[in-house]
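Take a look at the structure set out below.
Numbering (the working numbering), first residue to last: 349 to 1005.
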C-alpha cells in the first residue's frame, strides 16, 4: 500500500529521493509544481523561496525507514531471543538423521513460537497498561500481527517440519485450532463461573464450542449438569454421552492402524445415524443438533458459524466428524471447499486466508512469498525459510539472480538490523551464515556503522579482525585516528594509526608529537611512546620518536654514555628530521658540559660536522640570522671545542703514561 510521509506535500513542491541500505531520504526541492519542466531537483539546507514566488520557507529532509519494526522497543525480545535459536540451529549436529533430526527441528520450531508468544503477551500487557490511545492502537495492531505469525508458523510446523501423517495429523490440527481460536474463551469462562451453568443463556453455545473443537470430556461434563437439572432428559443425555464417549479418535502412538480406526469410526457413525433416524433426540433440538454435528452434517456445522469464527476452524471440525484419517495431500481439497462454504460469497478472503490456503496446498514458496508481501518486516520469512531449508524442503529452489531463497531473505533481514544502533551486532551472525554473499554484505554494511565512541569502534574492529577483513580494519583505524587527531588526542591517534599500519599517518602524528615537545619541553602520552616496541619500525619518524624518547629516559637515569651514543646515532643515521637537528645538538650541550668526558674525539668530530652541515645550508640559512639561534650555535661551537680539548689532553695523557 502507498506510504504517506507526514509533513511532506508533493502537491506543493517536487520531492527528490536518495536510497540507502535500509532508509530513504525524501527531500523537498526548490521547485514547485508550477516550476519549469525538466528542471533538476536540488536539495537545499537553508531557507528557500520556491519557483512559484511564495515567501521563503524551510526545506525539509525526511528519513523514511524501510523496516520500522526494529525500532519498536517491545519487539527487541523477538529479535534478540530468536537470534540465539537461529545460531543454535546452525551449530546443531547435521549428522542426526531420521526421527532424532526431525524431533530436533520440531523443537527448534516450538522455540521460535514460544518467543513469538512471549513477545505477544508483553505487547498485550503494554497495550493494557498504556493510557495513550494512539500507542494502545499501535500495540493492539502488533498483537494481531504476532498472533497471525504464530498461527501461520504453527501450521507450517505441523505440515512441513513435523510432516504429521494421517491420523496424528488431525490431532495436531485440533490442537492448532484450540490454541489459536480464542474468541469463545470469555464466553466459556462466563458460563462456567455462573451459579447454575445449565440455566445460563449461553450454556448450549459453550457445549457446542466444546463439541466443535473435539473437547468431548468437557462437553460431557457440562451435559451432565443439564441432565441433573432436567431429569426428563436423562435418557437422551445418557445416549448422547455414550456416543461422545465411544467416538473413535486417532492416537499419536502406534496402538492402532488406520484401517482399524476407520472400521471403528464407521461402526460408531452408523450408530449415531441410527439414533438420529429413530428420533431419539427429536424432543431436544440442542441435543439433536449435536448429534448431527457428530455425523459431520455440513449444514448443522455451518449453523454454528458464529461460534467457529474462521473457515479453518470449520475445516478442522468438518474433518474431525467426516474424515478423521485424512491424508496430508487431501487437505487442499477440503481446505478450498471449506473456505468457499464458510465465506459463502459474502466476503472475499483476507491475506491471512490466502497464506493458510497456500500452506494447506503445500505451496511452501507461495507461503513465503505472501508473507513477505503482507508482513511489515523480514523476521518471519527469514527464520521460517531457514528452518525449512534445514528440513531439506527448499533445496531445489534457487533464485534467478544468484543466491537461494534462504540466503536472500537472511540478507534482507540482516541488512535491516544494521540500520539499528545496537541490533547490528545480531546482523553480523546472520551474514556469517550466508555462504555466497554474506561476507560481501557484511563488508559493505560494517563500513557504514557510525563510530560514535572508541568502545563501539573497538567492537566493530574485533568483528573485522576475527573475519580477516583487513581493508575494513585499516579503514576503521584511519577514521578513529583522524577523529582523535582532530580532538588533539595524539596518543589515541598514534595508537589507531599503528593499528592501521598506516606509515604516512604515523609519520604525521610523530611530527605532531615532536612539535609539541619543542613547544612544551616535554612529551605527552609517555606510556604509549615508552611501549611502542616493534611498532616503532612502522615509519622512520616513529622510530625516531621512540628512540628520542629512549634518549631522554637514559639521560634521566644518568646513563650518560649510552644516551650520548644513541643521540649521535639518531643524527648520523639520518632518521631525524632536519628541522629537529638543532634540538638534538642542544640536547648534547649538557653532556658536553659534564665533569666526566662523555663524547670521544671521534664522536665530537661527528657532532661538529653535523653542526656545520646545519649552518652551512642543509637547512634554511635564514633561521640562523636570528640572535637566539646564533647564540645557540656559538654556545655549541664553544662546548664542542672545549670538549675536544679535554679529550685530546686526556687521550694524550693516557698515551704518554
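Beta carbons: idealized from backbone N, C-alpha and C, even for Gly.
All figures in this text were calculated on a predicted structure; none of them were measured in a lab.
Measuring only the C-alpha atoms, how far is residue 616 from residue 423?
In the chain shown, counting from the first residue as 1, residue 616 sits at position 268. In the chain shown, counting from the first residue as 1, residue 423 sits at position 75. So the two alpha carbons sit approximately 49 Å from each other.
Measure the alpha-carbon distance for residue 790 versus residue 815 and round it to whole angstroms.
Position 442 of the chain shown, counting from 1, holds the residue named residue 790. Position 467 of the chain shown, counting from 1, holds the residue named residue 815. Approximately 10 Å between the Cα atoms of the pair.
Determine the contact status of residue 511 and residue 520, defining contact as a CB-CB distance below 7 Å.
The sequence position of residue 511 within the chain shown is 163, counting from 1. The sequence position of residue 520 within the chain shown is 172, counting from 1. Residue 520 sits away from residue 511, with the two beta carbons spaced by 7 Å or more.
What's the call for residue 631, buried or exposed, on a 16-neighbour Cβ count within 10 Å?
Looking up residue 631 in the chain shown gives position 283. Around the C-beta of residue 631, fewer than 16 other C-beta atoms lie within 10 Å, and the residue is accordingly described as exposed.
Can you check whether the CB of residue 464 is closer than 7 Å to the CB of residue 505?
The residue you call residue 505 lines up with position 157 of the chain shown. The residue you call residue 464 lines up with position 116 of the chain shown. Cβ distance not < 7 Å, so residue 505 and residue 464 don't count as in contact.
Taking a contact to mean a Cβ-Cβ separation below 7 Å, would you say residue 707 touches residue 550 in this structure?
Your numbering for residue 707 matches position 359 in the chain shown. Your numbering for residue 550 matches position 202 in the chain shown. No, the pair does not count as a contact, with Cβ atoms beyond the cut-off.
Endpoints, the beta strand (DSSP E) within which residue 815 is located
As a working note, residue 815 is residue 467 in the chain shown. Note, residue 815: premise wrong, no beta strand (DSSP E); not H, not E.
CB contact flag (residue 562, residue 522, <7 Å):
For the purposes of this step, residue 562 is taken as residue 214 along the chain shown, with counting starting at 1. For the purposes of this step, residue 522 is taken as residue 174 along the chain shown, with counting starting at 1. Going by C-beta atoms, residue 562 is nearer than 7 Å to residue 522.
Below 8 Å CB to CB, which residues in the same chain sit around residue 826 once its five sequence neighbours on both sides are set aside?
Translated into the one-based positions of the chain shown, residue 826 becomes position 478. Cβ neighbours of residue 826 beyond the five flanking positions: 844, 845, 848, 850, 853.
Proximity to residue 533 [Cα-Cα], best of 787, 657, 684, 358:
Numbered from its first residue, the chain shown carries residue 533 at position 185. Ranked by how close their Cα comes to the Cα of residue 533, the residues 787, 657, 684, 358 have 657 in first place.
Excluding the five sequence neighbours on either side, which residues of its own chain have a C-beta within less than 6 Å of the C-beta of residue 781, listed in chain order?
The count along the chain shown starts at 1 and reaches residue 781 at position 433. If we look at residue 781 and ignore the five residues flanking it on each side, its Cβ neighbours are 438.
Exposed or buried, what is residue 541 when buried is set at 16 or more other beta-carbons lying within 10 Å of its beta-carbon?
Residue numbering aside, residue 541 sits at position 193 when the chain shown is read from its first letter. Classification of residue 541: exposed, given that the 10 Å Cβ count is below 16.
Do residue 929 and residue 962 have their beta-carbon atoms positioned less than 7 Å apart in this structure?
For the purposes of this step, residue 962 is identified with residue 614 of the chain shown, where counting begins at 1. For the purposes of this step, residue 929 is identified with residue 581 of the chain shown, where counting begins at 1. The answer is yes: Cβ separation under 7 Å.
Taking Cβ positions only, does residue 578 come closer than 7 Å to chain B?
The chain inventory of the structure shown lacks chain B, comprising one protein chain alone.
What's the call for residue 978, buried or exposed, on a 16-neighbour Cβ count within 10 Å?
Here residue 978 refers to the residue found at position 630 of the chain shown. Burial call: exposed.
With a threshold of 16 other CB atoms inside 10 Å of the CB of residue 664, please say whether the residue is buried or exposed.
Sequence index remark: in the chain shown, residue 664 carries index 316 (1-based). The C-beta of residue 664 has 16 or more other C-beta atoms within 10 Å across all chains shown, which makes the residue buried.
Helix, strand or coil: which one does DSSP assign to residue 367?
To locate residue 367, count along the chain shown from 1; it is residue 19. Residue 367: strand per DSSP, three-state reduction.
Report, in whole angstroms, the separation of the C-beta atoms of residue 518 and residue 672, which I expect to be a contact under 8 Å.
Taking the chain shown and counting its residues from 1, the one referred to as residue 518 is at position 170. Taking the chain shown and counting its residues from 1, the one referred to as residue 672 is at position 324. Distance from residue 518 to residue 672 at the Cβ level is roughly 5 Å; contact confirmed, criterion being Cβ atoms closer than 8 Å.
With distances taken between CB atoms, is the gap from residue 987 to residue 932 smaller than 7 Å?
Translated into the one-based positions of the chain shown, residue 987 becomes position 639. Translated into the one-based positions of the chain shown, residue 932 becomes position 584. Contact flag unset, no.
Less than 7 Å between the beta carbons of residue 866 and residue 919, yes or no?
On the chain shown, residue 866 is found 518 positions in, with the first residue counted as 1. On the chain shown, residue 919 is found 571 positions in, with the first residue counted as 1. Between residue 866 and residue 919, the CB-CB gap reaches or exceeds 7 Å.
Locate the alpha helix (DSSP H) running through residue 593, then write down its first and last residues.
Here residue 593 refers to the residue found at position 245 of the chain shown. Looking at the DSSP string, the run of the alpha helix (DSSP H) that includes residue 593 is 582-594.
Please report the distance separating the alpha-carbon of residue 692 from that of residue 686.
By one-based count along the chain shown, residue 692 stands at place 344. By one-based count along the chain shown, residue 686 stands at place 338. Distance from the CA of residue 692 to the CA of residue 686, rounded to the nearest whole angstrom, comes to 10 Å.
Applying the criterion that 16 or more other CB atoms from any shown protein chain within 10 Å of the CB defines a buried residue, is residue 358 buried or exposed?
Position 10 of the chain shown, counting from 1, holds the residue named residue 358. Exposed: under 16 other Cβ atoms inside 10 Å.
Under 8 Å by Cβ, that's how I've got residue 734 and residue 652 pegged, so tell me the actual separation to the nearest angstrom.
For the purposes of this step, residue 734 is identified with residue 386 of the chain shown, where counting begins at 1. For the purposes of this step, residue 652 is identified with residue 304 of the chain shown, where counting begins at 1. Not quite, the Cβ-Cβ distance comes to about 40 Å (not below 8 Å), so this is no contact.
Just verifying my parser: in three-state terms, what is the DSSP assignment at residue 373?
Position 25 of the chain shown, counted from the start, is the residue given in the question as residue 373. DSSP, read as helix, strand or coil, puts residue 373 in strand.
Do you know whose CA, among 560, 364, 709, 565, lies nearest residue 641's CA?
In the chain shown, residue 641 corresponds to position 293, counting from 1. For residue 641, the nearest C-alpha among the options comes from 560.
Report all residues from its chain with a CB closer than 6 Å to the CB of residue 634; omit the five preceding and five following residues, and keep chain order.
Here the question's residue 634 lines up with position 286 in the chain shown. In chain order, 552 place their CB closer than 6 Å to the CB of residue 634, counting only its own chain and leaving out the 5 sequence neighbours on each side.
Distance check for residue 637 and residue 666, CA to CA, integer angstroms please.
In the chain shown, residue 666 corresponds to position 318, counting from 1. In the chain shown, residue 637 corresponds to position 289, counting from 1. Distance between the alpha carbons of residue 666 and residue 637: 14 Å.
Taking residue 509 and residue 454 to be in contact with their CB atoms under 8 Å, please state how far apart those CB atoms are, rounded to whole angstroms.
Against the chain shown, residue 509 aligns to sequence position 161. Against the chain shown, residue 454 aligns to sequence position 106. Right, the Cβ-Cβ distance comes to about 6 Å (below 8 Å), so this counts as a contact.
For residue 736, count neighbouring Cβ atoms within 10 angstroms of its own Cβ and tell me buried if that reaches 16, exposed if not.
Within the chain shown, numbered from 1, the residue matching residue 736 stands at position 388. By the neighbour-count rule (16 or more Cβ atoms within 10 Å), residue 736 is buried.
Write down every uninterrupted run of the alpha helix (DSSP H) in the region 661-736 whose length is 4 residues or greater and which is fully enclosed by it, in chain order.
Fully enclosed alpha helix (DSSP H) runs of 4 or longer: 679-691, 699-708, 712-722.
Locate the alpha helix (DSSP H) running through residue 846, then write down its first and last residues.
Numbered from 1 along the chain shown, position 498 holds the residue referred to as residue 846. Element bounds for residue 846: 838-848.
For residue 923 and residue 892, what's the separation of their Cα atoms in angstroms?
Mapped onto the chain shown, residue 923 falls at position 575. Mapped onto the chain shown, residue 892 falls at position 544. Looking at the backbone, the Cα of residue 923 and that of residue 892 are separated by about 6 Å.
Local conformation of residue 947 per DSSP, three classes
The residue you call residue 947 lines up with position 599 of the chain shown. In this structure, residue 947 counts as coil in the three-state DSSP scheme.
Mark residue 841 as exposed unless 16 or more other C-beta atoms lie within 10 angstroms of its C-beta, in which case mark it buried.
Position 493 of the chain shown, counted from the first residue, corresponds to residue 841. The residue is buried, with at least 16 neighbouring Cβ atoms inside 10 Å.
In its own chain, which residues sit with a C-beta less than 6 Å from the C-beta of residue 574, not counting the 5 before and 5 after it?
As a first step, residue 574 is located in the chain shown; it is residue number 226 there, counting from the start. Taking residue 574 as the centre and dropping the five residues before and after it, the same chain places the C-beta of 546 closer than 6 Å to its C-beta, in chain order.
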